[in-house]
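To keep things clear, I will list the structure first and then write my remarks on it.
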Amino acid sequence: MTVVDCAVRINPPDDADVARHLPGGWRQFLSKPNAIARGTSATPLYQTRPFRHPDGDLLIDAGNGSDPRLLSQQHLDRHGVSRALLLHDRARLAATNPTPRLSEAIVQATNDWMTERWLGGGDDRLLGSILVPTQLPDAAAEVRRAGAHPRVAAVQMGGNAIGKPFGHPLYHGVYEAAHDLGLVVVIEAGCDASVDTLSSHSAASPPTSYTEYHVLATQSLQTHMVSLIAQGVFERFPRLRVLFIGGGLTWATPQVWKLDAEYHSMRRDAPYLRRLPSEYFAEHVRVGTSPIEATSSPHIMQRYLEAYPALRQVLCYASDFPSWFASEPQAVAATLPPTWVDDVLSKNGDALLQRREMEVTS
Amino acid sequence: MSVIADELVYAVVDCDVHHAYRRDDFLSYLPQQWQRFHLPDGFAGGFLVPQYPQPGNTNKRLDAIPEVGPAGSDYELLKRQLLQELGIERAVLGFDVGFESGVNNPHFAVALCRASNDWSIDHFLEVDERLFGGILIPTELPAEAAAEIRRLAHHPKMVEILMFANNVGRGFGHPFYDPIWEAAAEVGLPIAIHVGGDIFGKSPANAGGIAESRLELFALFGQPGITHLTTMLTQGVFERFPNVRVLLVEHGFTWVPSLLWRLDEMLPLLRRECPAVTRLPSEVFREHVRLTCQPFQLPEAEGDLFGLLESFGGMEDLLCFATDYPHWDADEPDFVARRLPAAWRHKVMAANSAALFGWDAPALPESR
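In order, the protein sequence lines correspond to chains A and B. Okay, so the first sequence: first residue is 1 according to my numbering, each after it adds one. Okay, so the second sequence: first residue is 1001 according to my numbering, each after it adds one.
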């Protein structure tokens, strides 16, 4: 059985590698020609994440996620991965850069860097994600531009640049473009945790430790999932699929059940819906498995997952290689009900990453 | 699925009832200087909550609204609808729902809390032996909150501390709130945290941006409480104050396995980030935290609530029945009791609460 991996993290080896793709004016604005990236004259392209694991966010010997050969050796070849969705790591907050047109330029340069460095190398296993300059009203144009590349499979929403839940109408232009091109929309843990976002990573309080940051990261995903469903995004874009990354296996079940229960009594708040929220969840939402939650025995997690059978078609293996919490396929398989393994490790991801373009009829 | 008996027999303790004052009864409890800040339709310099529409512009069952005053303000009506009709042995009253403690002006909040507590004792707690109460505290000024705890902790009808408003954007386990934990430990009362204290706009009510409808707000309601609980565990609150317990009221409970598994696996790093933490969070949680089970919601889609809970195990010792009277989504005892496994019933419906409040375990009645 081959494995489909819905989340592999990539980084540029240095900012200069991306800055080459910037228009000259922006390149000059950010750095001097021939300046050393992160040297005294160069402005970093990407925002630093506010919470970082003290032992490193990425596995030590994985080359910072910047080397396709290491990715092959250490993960794809080793684990029989037939297809992998590449997600931007350090770059993922680019859309929230407070200078709007600069955020657009950096997003575009990053997308161009990605297609050149990662999608042009002849490794058919690799599929790319593009970032979107969501602060700007014409953000969808970048989806159509960079998303035209045949090996791009996903739109990575990245940082929450508008400060609204991702189902908000301000985001719908991006979804329309993704829907037209058959691209998966990816929403990830940490998307609300930038100093440049108006939204919060966690309710009640910002995290005050890495532990809190990591544990509470599912809250963003829950808000965005609830918003996408309740705002009728899946009615408006009936072939859209949204992949949630970085929350693990267990966050969705209580949230979907809760949303169904509240919809039972507050139906009039969601006039766009024709079905139960859980039906939209099962059909349109996919959940990347990482980071898997540790339980004292695998039977415990199996029992938890089996409590909500719809997850069998929803969970998609996501290694999140080379993050510090990356999980190998065998480790994920051990947590699953045995009959689910093939679906979660292979079939669900395979179906998800099939790019299904809309046929444009005149 | 367990067979549901035609006639269930069980004792009931209700951990979440919302009583309310009629303004005319309340004003005299406020110092003169503050009385005019308590307007007939709100508070001057009060607070705002998000303006999501709701049917009838009320969140109460319509038949619980008396002719004069808000729902929960009429003792006779509450006695009939809650105690008599539902067969409740003991009920713990928690105001509606403690918003006074979160007004914008923290000095006003102090006055309102004192007045609320004094009013509650006179108008409800000392009126009926079945009624108990909580000490509402002005959380934004922890030293004042501690003083209020100490002032009333020894009243025989005060069985908990009501810690509600988070006006400072910090979890309740954060050191900012330590004076409250110290006072609670000193007087030996549990702290009850009702959902909703983070929606004043001073602390995020949920992650990811403002919820776009009441439906979404309610779907995400559990998030602040989860953060608050997380901070209690990440700051080692229960290891520093080992005789304090917490009752999470109306925050839900299906999220428990997910949160505690994640916290447990982070223990090695957590101990480096907070030296006060030494023990496994889930063990601390089982000892120190209880949760009310209202609204008791079964999955609409194909799903197994008890299978999910059993994967974590021990939830029958953690859940405490509550009606949430007089809200429109209140649970009646029979509704919950009929859906519980038989082995859970007495614990969830009465015994867990009794233990939390230091009462003798209620005897099973001969008939209901």
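The C-beta atom is built at its ideal place from N, Cα and C for all residues, glycine as well. What you are looking at is a predicted structure, and each value in this text was computed from that prediction instead of being measured.
For Thr-1231 of chain B, which of A:Val-242, A:Leu-221 and A:Thr-211 has the nearest alpha-carbon? Of A:Val-242, A:Leu-221 and A:Thr-211, the smallest CA-CA separation from Thr-1231 of chain B is found for A:Thr-211.
On a Cα-Cα basis, can you pick out the residue from A:Gly-65, A:Thr-208 and A:Trp-257 that is closest to Pro-1299 of chain B? When each option's Cα is compared against that of Pro-1299 of chain B, the closest is A:Trp-257.
Contact between the stretch 242-250 of chain A and the stretch 1207-1227 of chain B (3+ Cβ pairs under 8 Å): No contact exists between the stretch 242-250 of chain A and the stretch 1207-1227 of chain B.
So with Cβ pairs under 8 Å, would you call Ser-1213 of chain B a contact of chain A? Yes, because at least one Cβ of chain A sits closer than 8 Å to the Cβ of Ser-1213 of chain B.
Please check if any C-beta of chain B sits within less than 8 Å of the C-beta of Tyr-304 of chain A. Taking Cβ atoms only, chain B reaches closer than 8 Å to Tyr-304 of chain A, which makes this a yes.
Hey, Ser-1353 of chain B and Cys-1113 of chain B: beta-carbon distance below 8 Å or not? Taking 8 Å as the cut-off, the beta carbon of Ser-1353 of chain B is found no closer than this to the beta carbon of Cys-1113 of chain B.
What are the start and end residues of each continuous alpha helix (DSSP H) run of 4 or more residues lying completely inside the stretch 1295-1335 of chain B, in chain order? Counting whole runs of 4 or more residues, the stretch 1295-1335 of chain B contains the alpha helix (DSSP H) stretches 1305-1312.
In chain A, what lies closer than 8 Å to Glu-1273 of chain B by C-beta? For Glu-1273 of chain B, the residues of chain A that pass the 8 Å Cβ criterion are Ser-209, Tyr-210 and Thr-211, in the order they occur in the chain.
Can we say the stretch 139-154 of chain A touches the stretch 95-113 of chain A, given the rule of at least three CB pairs closer than 8 Å? In short, these stretches touch, since the Cβ pair count reaches three.
Outcome for Gln-354 of chain A when other beta-carbon atoms lying within 10 angstroms are tallied against a minimum of 16: If you draw a 10 Å sphere on the C-beta of Gln-354 of chain A, you find fewer than 16 other C-beta atoms in it, and that means exposed.
Take the Cβ of Met-1 of chain A as the centre, count every other Cβ of all protein chains shown within 10 Å, and call the residue buried at 16 or more, exposed below. Classification for Met-1 of chain A: exposed.
Contact between the stretch 1181-1188 of chain B and the stretch 1237-1248 of chain B (3+ Cβ pairs under 8 Å): Yes: the two stretches touch, three or more of their Cβ pairs being nearer than 8 Å.
Residues, ordered as in the chain, of the stretch 1278-1297 of chain B that lie near chain A by beta-carbon distance below 8 Å: Against chain A - using a Cβ distance shorter than 8 Å - the residues of the stretch 1278-1297 of chain B are Pro-1295 and Gln-1297.
Any chain A beta carbon closer than 8 Å to Glu-1265 of chain B: It does; some Cβ of chain A falls within 8 Å.
What's the gap between the Cα of Gly-247 of chain A and the Cα of His-172 of chain A? In this structure, the CA atom of Gly-247 of chain A is about 23 Å from the CA atom of His-172 of chain A.
How would you list, in chain order, the residues of chain A whose beta-carbon sits under 7 Å from the beta-carbon of Trp-1255 of chain B? Counting only Cβ-Cβ distances below 7 Å, Trp-1255 of chain B has contacts in chain A at Pro-254, in chain order.
Pick from A:Pro-23, A:Val-174, A:Glu-235 and A:Ser-103: whose alpha carbon is nearest that of Arg-274 of chain A? It is A:Glu-235.
Within a Cβ cutoff of 6 Å, which residues of the same chain sit near Gly-1173 of chain B, ignoring the five residues on either side of it in sequence? Excluding sequence neighbours, Gly-1173 of chain B sits near Thr-1231, Met-1232, Gln-1235 and Val-1237.
Look at Pro-322 of chain A and Gly-65 of chain A and say whether their C-beta atoms are less than 8 Å apart. The Cβ atoms of Pro-322 of chain A and Gly-65 of chain A sit closer than 8 Å to each other.
Say whether chain B places a C-beta atom closer than 8 Å to the C-beta of Ile-300 of chain A. True, the Cβ-Cβ gap to chain B drops below 8 Å.
At least one CB of chain A closer than 8 Å to the CB of Phe-1321 of chain B: is that the case? Closer than 8 Å to the CB of Phe-1321 of chain B there is not a single CB belonging to chain A.
Stretch-stretch touch, CB-based, cutoff 8 Å, three pairs: the stretch 296-309 of chain A with the stretch 43-50 of chain A: The stretch 296-309 of chain A, when compared against the stretch 43-50 of chain A, does not touch it at the 8 Å Cβ threshold.
Buried versus exposed call for Phe-1312 of chain B [16 or more other C-beta atoms within 10 Å across all chains shown]: Its Cβ being crowded by 16 or more others within 10 Å, Phe-1312 of chain B is buried.
For Ala-1147 of chain B, which option in B:Ile-1161, B:Pro-1156 and B:Ser-1213 has the closest C-alpha, if you only look at C-alpha atoms? It is B:Ile-1161 whose Cα lies nearest to the Cα of Ala-1147 of chain B.
Is there contact between the stretch 301-317 of chain A and the stretch 269-288 of chain A, where contact requires at least three CB pairs shorter than 8 Å? Segments in contact, yes.
Any contact of the stretch 1059-1072 of chain B with the stretch 1130-1138 of chain B, i.e. 3+ C-beta pairs under 8 Å? As far as the Cβ criterion goes, the stretch 1059-1072 of chain B does not touch the stretch 1130-1138 of chain B, which means the pair count is below three.
For a cutoff of 8 Å on Cβ pairs, would you count Glu-142 of chain A as touching chain B? It does not: the Cβ of Glu-142 of chain A has no partner Cβ on chain B nearer than 8 Å.
Nearest-angstrom beta carbon gap, Val-1348 of chain B and Cys-1320 of chain B [assumed within contact, 8 Å]: With 8 Å as the limit, Cys-1320 of chain B and Val-1348 of chain B qualify as a contact, their Cβ atoms being about 7 Å apart.
So, helix, strand or coil for Glu-188 of chain A, using DSSP? Strand.
Buried/exposed call for Leu-259 of chain A, threshold 16 Cβ in 10 Å: Leu-259 of chain A sits buried, since 16 or more C-beta atoms from the chains shown fall within 10 Å of its C-beta.
Mind pulling the chain B residues with CB within less than 8 Å of His-201 of chain A? In chain order: Ala-1207.
Where does the unbroken beta strand (DSSP E) through Arg-1240 of chain B begin, and where does it stop? Here Arg-1240 of chain B belongs to no beta strand (DSSP E); instead the alpha helix (DSSP H) covers 1237-1240.
Test: Leu-969 of chain B CB closer than 8 Å to a CB of chain A: Because chain B is modelled from 1001 through 1368, residue 969 of chain B falls outside the range shown and cannot be assessed.
So, does the CB of Asp-339 of chain A fall closer than 8 Å to a CB anywhere in chain B? For clarity, residue 339 of chain A is Thr in the given sequence; the question names Asp instead. So, not an interface residue.
Cutting at 7 Å between CB atoms, please list the residues of its own chain near Glu-104 of chain A, excluding the five before and the five after it. Around Glu-104 of chain A: Pro-133 and Leu-136.
Buried or exposed: Ser-278 of chain A, going by 16 or more other Cβ atoms within 10 Å of its Cβ? By the neighbour-count criterion, in which a residue is buried when 16 or more other Cβ atoms sit within 10 angstroms of its Cβ, Ser-278 of chain A is buried.
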